[in-house]
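If you read the protein sequences in the order shown, they are chains A and B. This note's numbering numbers the first residue of the first sequence as 2 and each following residue consecutively. This note's numbering numbers the first residue of the second sequence as 255 and each following residue consecutively. Here a beta-carbon is modelled for each residue, glycine too, at the ideal position from N, C-alpha and C.
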Amino acid sequence: MMVLSQNDYGKRLLPYGMIFPAMFFIIVFGLIPIIDSFATSLVQWNFINAKVFVGLGNYLDLLLSGDFLKVLANTCYFTVLNVPLTMLFALALAMLLNGPVLGKKFFRALFFSPWVIPTVNVAILWMYILEPDYGMLNWFLELLGLGGISWLASTRWALPAIVFISVWKGAGYFCLLYLAGLQNIPRELYEASAMDGANPWRQFLRVTLPMLSPTTLFVLIVSVIDSFSQFDLVAVMTGGGPANRTNLLVYYLYERAFVAFKAGSASAVAMIVLGILMIFTFAQFKLSDKWVHY
Amino acid sequence: MSRIANSWPSFLGVIFRHVAMIAGAILFALPFFWMVSGSLKTLDEVCKYPIIWIPAKMQWHNYADAWRAAPFTRYLLNSLFITTTIIAGQFFTVVLAAYAFARFQFFGKNFLFMSILAIMMVSLEVRVIPIYMILSAFKWIDTYYALIVPMLTSPFGIFLVRQAFMKVPQDLADAAAIDGCNHLGILRQVMVPLSKPAIVTFMVFNFIHHYNNYFWPLIVTNSDQIRPITVGLARFRVPEDTGIMWHYLMAATTIALIPSLVVFIIGQKYFIRGIATEGLKG
Numbered sequence: 002m003m004v005l006s007q008n009d010y011g012k013r014l015l016p017y018g019m020i021f022p023a024m025f026f027i028i029v030f031g032l033i034p035i036i037d038s039f040a041t042s043l044v045q046w047n048f049i050n051a052k053v054f055v056g057l058g059n060y061l062d063l064l065l066s067g068d069f070l071k072v073l074a075n076t077c078y079f080t081v082l083n084v085p086l087t088m089l090f091a092l093a094l095a096m097l098l099n100g101p102v103l104g105k106k107f108f109r110a111l112f113f114s115p116w117v118i119p120t121v122n123v124a125i126l127w128m129y130i131l132e133p134d135y136g137m138l139n140w141f142l143e144l145l146g147l148g149g150i151s152w153l154a155s156t157r158w159a160l161p162a163i164v165f166i167s168v169w170k171g172a173g174y175f176c177l178l179y180l181a182g183l184q185n186i187p188r189e190l191y192e193a194s195a196m197d198g199a200n201p202w203r204q205f206l207r208v209t210l211p212m213l214s215p216t217t218l219f220v221l222i223v224s225v226i227d228s229f230s231q232f233d234l235v236a237v238m239t240g241g242g243p244a245n246r247t248n249l250l251v252y253y254l255y256e257r258a259f260v261a262f263k264a265g266s267a268s269a270v271a272m273i274v275l276g277i278l279m280i281f282t283f284a285q286f287k288l289s290d291k292w293v294h295y
Numbered sequence: 255m256s257r258i259a260n261s262w263p264s265f266l267g268v269i270f271r272h273v274a275m276i277a278g279a280i281l282f283a284l285p286f287f288w289m290v291s292g293s294l295k296t297l298d299e300v301c302k303y304p305i306i307w308i309p310a311k312m313q314w315h316n317y318a319d320a321w322r323a324a325p326f327t328r329y330l331l332n333s334l335f336i337t338t339t340i341i342a343g344q345f346f347t348v349v350l351a352a353y354a355f356a357r358f359q360f361f362g363k364n365f366l367f368m369s370i371l372a373i374m375m376v377s378l379e380v381r382v383i384p385i386y387m388i389l390s391a392f393k394w395i396d397t398y399y400a401l402i403v404p405m406l407t408s409p410f411g412i413f414l415v416r417q418a419f420m421k422v423p424q425d426l427a428d429a430a431a432i433d434g435c436n437h438l439g440i441l442r443q444v445m446v447p448l449s450k451p452a453i454v455t456f457m458v459f460n461f462i463h464h465y466n467n468y469f470w471p472l473i474v475t476n477s478d479q480i481r482p483i484t485v486g487l488a489r490f491r492v493p494e495d496t497g498i499m500w501h502y503l504m505a506a507t508t509i510a511l512i513p514s515l516v517v518f519i520i521g522q523k524y525f526i527r528g529i530a531t532e533g534l535k536g
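Below, the structure written as structure tokens:
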């Protein structure tokens with residue numbers, strides 16, 4: 002009871018002392034940078050000379066520039082494909098793993114492995130698979146009687162290819178979350194609905210999906226945030242090309258800041274990303290009453 | 255239709271399940287097979303068309319050659335040093351804060367806790383320019399400090415470990431206090447050992463996250479002395495003088511993913527349990 006019997010003053014300060022190390026880093030590298038990012042988005046600045054206040058000028062410039070709108074459209078396209086595909090794929094794998102199958106642990110580890118390894122490695126591996134002249138994928142396509150495609154050099158196919166790789170990499174993680182969700186559904190619900198004559202498809206629609214809705218809400222929010230933060234695949238595989246077709250918001254931010262040295266404009270991009278994600282997350286929590294059953 | 259369906263899992267169901275599972279497994283295993291196969295080919299074989307599945311003669315020396323073609327040993331040691339330092343630092347800041355939030359009542363507690371979660375939900379990309387400026391004011395760009403210091407705490411970890419601490423019965427802490435333990439003693443001898451799954455989950459998760467990180471080290475490193483392996487590998491991708499040496503690239507890629515995989519396999523038991531119970535809400 003040593004500490005508990007110390008004088009009141011020391012006792013009251015102890016919890017503050019314990020959270021201090023964490024709070025210090027959170028304030029210096031979290032709170033202050035968020036405020037400063039907003040302030041920087043209102044100035045023109047090349048990291049060296051004096052900052053020039055331009056108000057909402059950076060935002061206006063971005064919204065009037067074709068490049069930014071194209072990047073925004075690419076990011077939306079990426080998200081709209083990536084999120085549902087990842088969720089469907091993850092749920093399908095989880096349904097399989099949740100049933101009676103042999104070698105469950107092996108399959109689970111296998112599906113999970115792309116998420117564990119660095120995205121840089123995934124990107125390089127898939128560059129070799131997508132290689133137009135001697136890659137494995139084009140070999141398969143030719144086997145099926147289809148022509149080869151210059152995947153990453155094609156304005157039509159580069160972004161879908163990156164979406165596919167992103168789904169391949171991310172599905173295992175969400176699969177695990179779905180698996181946890183599936184295992185928390187009480188068996189009695191299936192037994193009761195089977196007694197009422199529900200077939201498996203109806204059971205899936207009426208029992209499984211509603212019971213998984215909290216997991217789905219979480220997966221939806223996390224995978225949208227992930228999609229809007231996608232950087233590594235683009236940076237390693239295409240550098241945003243061809244013709245800006247695979248340039249996504251965070252890569253664009255990186256280019257603005259650390260290649261073009263436009264700190265103000267890059268900060269405005271950061272604020273727009275933050276705004277979009279905040280609106281999305283807030284809307285989902287508001288709308289979740291309608292489709293999430295706890 | 256409904257007869258078969260009602261006897262699920264029927265024979266057809268079992269067959270379908272396994273066929274689907276094997277199709278899925280091929281989709282996940284084939285790229286890895288192609289990577290390892292590529293790493294053991296000659297330069298000639300790696301660019302052959304139609305493709306060669308298995309090299310005529312395994313070129314094991316590719317691994318050593320690739321490893322020597324760039325300062326990969328240095329990169330790997332950098333990665334391991336940076337990652338373990340971050341994990342160790344996070345352990346202290348996270349465990350202390352989690353204990354305070356789990357076991358004390360103090361003024362502003364809820365406000366501070368919610369603020370921590372909200373602030374760090376704002377992703378690193380949004381904060382990158384100001385953090386870069388702070389680090390360059392300290393002349394820390396291209397040093398280990400830039401890679402480590404901004405990462406020394408984790409709100410996700412505070413949340414996860416606090417959840418675990420709250421489940422430890424107060425009676426155990428009281429018993430330790432009667433035996434003469436102060437709060438740090440209770441933390442070390444009661445709370446941490448009893449919360450091992452959550453703490454290990456959090457550490458495995460963070461090891462993988464920081465070992466795999468590319469965005470941040472790309473921005474704050476300029477020299478091979480400091481670079482972690484993700485950035486080294488991405489630079490190795492396109493050598494200036496030769497074309498892409500896919501066999502070396504596949505060998506280096508294979509080696510570079512081993513640490514993450516090993517940590518995952520070791521921590522897997524805790525990791526899966528941790529995600530299944532606590533991680534879902536974080």
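| query | result |
| --- | --- |
| Listed by chain order, chain B residues near residue 118 (chain A) by CB distance under 8 angstroms | 466, 511, 514, 515 |
| Close Cβ partners of residue 337 (chain B) (< 6 angstroms) along its chain, the five nearest in sequence each way excluded | 461, 464, 465 |
| Beta-bridge pairing of residue 55 (chain A) - partner residues as DSSP gives them | Answer is none; residue 55 (chain A) lacks a bridge partner. |
| Residue 423 (chain B), buried or exposed, once every other Cβ within 10 Å from all chains shown has been counted against 16 | exposed |
| Rounded separation between residue 61 (chain A) and residue 76 (chain A) - CA only | 19 angstroms |
| Rounded C-alpha distance that separates residue 450 (chain B) from residue 439 (chain B) | 16 angstroms |
| Simplified DSSP state of residue 45 (chain A), which is helix, strand or coil | strand |
| Contact set between residue 150 (chain A) and chain B, taken where Cβ atoms lie within less than 8 angstroms | Simply none; closest approach about 15 angstroms. |
| Option in A:91, A:196, A:231 with minimal Cα separation from residue 377 (chain B) | A:231 |
| Chain-ordered neighbours of residue 225 (chain A) on chain B, where CB pairs are closer than 8 angstroms | By Cβ distance, chain B contributes nothing, its closest Cβ being about 12 angstroms from residue 225 (chain A), past 8 angstroms. |
| Burial state of residue 263 (chain A) (16 or more Cβ within 10 Å) | buried |
| Exposure of residue 273 (chain B), with buried meaning 16 or more beta-carbon neighbours within 10 Å | exposed |
| 8 angstroms Cβ cut-off: residues of chain A touching residue 288 (chain B) | 126, 129, 130, 137 |
| Cβ-based neighbour list, residue 297 (chain B), same chain, cut-off 7 angstroms, excluding 5 preceding and 5 following | 499, 501 |
| C-alpha gap between residue 185 (chain A) and residue 99 (chain A), whole angstroms | 11 angstroms |
| Span separating the alpha-carbon of residue 514 (chain B) from that of residue 403 (chain B) | 22 angstroms |
| Assigned secondary structure, residue 12 (chain A) (DSSP; H/G/I helix, E/B strand, else coil) | helix |
| Element boundaries [alpha helix (DSSP H), containing residue 301 (chain B)] | First-last for residue 301 (chain B): undefined, no H or E at that position. |
| Residue 299 (chain B) burial status per 10 Å Cβ neighbour count (16 or more: buried) | buried |
| Distance, residue 453 (chain B) Cα to residue 104 (chain A) Cα | 28 angstroms |
| Same chain only: Cβ atoms within 8 angstroms of residue 57 (chain A), ignoring 5 sequence neighbours per side | 43 |
| Selected residue, minimal CA-CA separation from residue 171 (chain A), among A:146, A:215, A:220 | A:220 |
| Under 9 angstroms by beta carbon: chain A residues contacting residue 504 (chain B) | 125, 126, 129 |
| is_contact[residue 455 (chain B), chain A] using C-beta, thresh 9 angstroms | no |
| Contact belief for residue 374 (chain B) with residue 409 (chain B) at Cβ below 8 angstroms, rounded distance in angstroms | 4 angstroms |
| Entirely enclosed alpha helix (DSSP H) segments - the stretch 188-269 of chain A, minimum 4 residues | 188-196, 201-204, 210-229, 233-238, 250-259 |
| Residue burial classification, residue 477 (chain B) (beta-carbon count within 10 angstroms, cutoff 16) | exposed |
| Coarse secondary structure for residue 332 (chain B), derived from DSSP in three states | helix |
| Start-end ranges of the beta strand (DSSP E) lying completely within the stretch 464-521 of chain B, minimum 3 residues | none |
| N- and C-terminal bounds of the alpha helix (DSSP H) containing residue 127 (chain A) | 120-131 |
| Buried or exposed by the 16-neighbour rule on C-beta atoms within 10 Å, applied to residue 90 (chain A) | buried |
| Pick from B:425, B:497, B:276 that is closest to residue 94 (chain A), judged by C-alpha positions | B:276 |
| Chain-order list of residues whose beta-carbon lies under 7 angstroms from that of residue 87 (chain A) (same chain, five-residue window excluded) | 168, 171, 172, 175, 224 |
| Test: residue 194 (chain A) CB closer than 9 angstroms to a CB of chain B | no |
| Any C-beta of chain A under 9 angstroms from that of residue 535 (chain B) | Residue placement at residue 535 (chain B) cannot be trusted, given a pLDDT of 40 that sits under 50; what the coordinates show is reported in the next sentence. Judged by the 9 angstroms Cβ criterion, residue 535 (chain B) is in contact with chain A. |
| Whole-angstrom distance between residue 20 (chain A) and residue 425 (chain B), CA atom to CA atom | 24 angstroms |
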